[in-house]
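Asker:
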Amino acid sequence: MNGTLIQAHREGKGATGCGIAISKEELEKNSISTILRARWSKADLFLTEMNGKRVVLKDFSKKMFIIRIIGRIQIWREEKAYRALRGLDGIPRFCGRPDACSIVIEYVEGTRLTHYRGAVPFKRLIEEIKRLIDSVHGAGVIHKDLRGRENIIVRAGDDKLMLLDLAGAMIFRAGSVPHKLLFNLLKKVDDAAYLK
Ligand SMILES: Nc1ncnc2c1ncn2[C@@H]1O[C@H](COP(=O)(O)OP(=O)(O)O)[C@@H](O)[C@H]1O
Ligand SMILES: [Mg+2]
9 MNGTLIQAHR EGKGATGCGI AISKEELEKN SISTILRARW SKADLFLTEM NGKRVVLKDF
69 SKKMFIIRII GRIQIWREEK AYRALRGLDG IPRFCGRPDA CSIVIEYVEG TRLTHYRGAV
129 PFKRLIEEIK RLIDSVHGAG VIHKDLRGRE NIIVRAGDDK LMLLDLAGAM IFRAGSVPHK
189 LLFNLLKKVD DAAYLK
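Heads up, our numbering is the position in the sequence shown plus 8, with the first residue counted as 1.
1) Mapping the DSSP letters down to three states, classify E117 as helix, strand or coil.
2) Quick one: measure Cβ to Cβ for G118 and A164, integer angstroms, because I've assumed they're closer than 8 Å.
3) Does the Cβ-Cβ distance between A201 and L154 come in under 8 Å?
4) What separation, rounded to the nearest whole angstrom, lies between the Cα atoms of R80 and F68?
5) For Y292 and D166, I'd like the C-alpha separation in whole angstroms.
6) Do S110 and K50 have their CB atoms nearer than 8 Å?
7) Assign K188 to buried or exposed, taking buried as 16 or more other Cβ atoms, counted over all protein chains shown, within 10 Å of its Cβ.
8) If you measure from the CB of K152, is any heavy atom of ligand 1 nearer than 7 Å?
9) By Cβ distance below 7 Å, which residues in the same chain neighbour K88 in space, the five residues on each side in sequence not counted?
10) For I141 versus D199, is the C-beta distance shorter than 8 Å?
11) Taking all protein chains shown into account, decide if P129 is buried (16 or more other Cβ within 10 angstroms of its Cβ) or exposed.
12) What do you get for P106, buried or exposed, if any count of 16 or more other CB atoms within 10 angstroms of its CB means buried?
13) Give, in chain order, every unbroken run of the beta strand (DSSP E) that is at least 3 residues long and sits entirely within the segment 79 to 161.
14) Here's the rule: buried if 16 or more other CB atoms are within 10 angstroms of the residue's CB, otherwise exposed. What is P100?
15) Using 7 Å as the cut-off, classify the Cβ of E114 as near or not near the heavy atoms of ligand 2, replying yes or no.
16) Within 10 Å of its beta-carbon, does G104 have 16 or more other beta-carbons around it, so buried, or fewer, so exposed?
17) Using 8 Å as the threshold, is the C-beta distance between L169 and I134 below it?
18) Please confirm whether V116 and I43 have their CB atoms less than 8 Å apart.
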């Protein structure tokens, strides 16, 4: 198999991918628009298509060497977090890893929470954020990057809150020693962020 091919449904791991396999070349060829051409240390993001579905390619591969190394670690962590949260309401689907420096995630059409001026009242939004964060914590994951609010999108059509950017997330296995010792403490990082 071509080295750039990815398996969206890897056996045993149960990724709820958007398709079966696709190459980076194909994602680039299907590119619809640039979501973010980031500064030197961050990933570039592109809206593209995979098996007829809109997806986001988050990619460090065009960055300088040292950033590609850091990017690999971030992408690896992000994949792990998406896998830990798969199937959870409010988390977009993980679709695959075309290579070590990039990840493909279901595209969420909508508005950043920071720019949302829709019909859902503020109190309801806060309740929804709390529900979302609690369910992420329930799966043993600390998001760690909720301060800016730009990682929460209000989905077009149903105003559902969707949580993005799991690159900084920490994953804890329920019942493990780190979970027992650290989880309740670290949960406060996310809780403090949304209460702000
Ligand atoms: N799956 C997605 N669907 C829609 N927009 C997205 C998606 N992933 C990222 N974005 C947009 O791109 C921005 C940057 O992506 P993010 O994963 O947060 O990268 P960074 O690590 O640079 O913050 C997000 O704030 C969001 O506006
Ligand atoms: Mg972000």
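We treat Cβ as the ideally placed atom computed from N, Cα and C, and that holds for glycine.
Answerer: The short version:
1) Three-state result, E117: coil.
2) 5 Å
3) yes
4) 8 Å
5) With the chain covering only 9 through 204, there is no way to say anything about residue 292.
6) no
7) exposed
8) Checking the Cβ of K152 against ligand 1 gives no.
9) These residues qualify, in order along the chain: I179.
10) yes
11) exposed
12) By the neighbour-count rule (16 or more Cβ atoms within 10 Å), P106 is buried.
13) 102 to 107, 110 to 114, 118 to 120
14) buried
15) no
16) buried
17) For L169 and I134, no; Cβs fall outside 8 Å.
18) no
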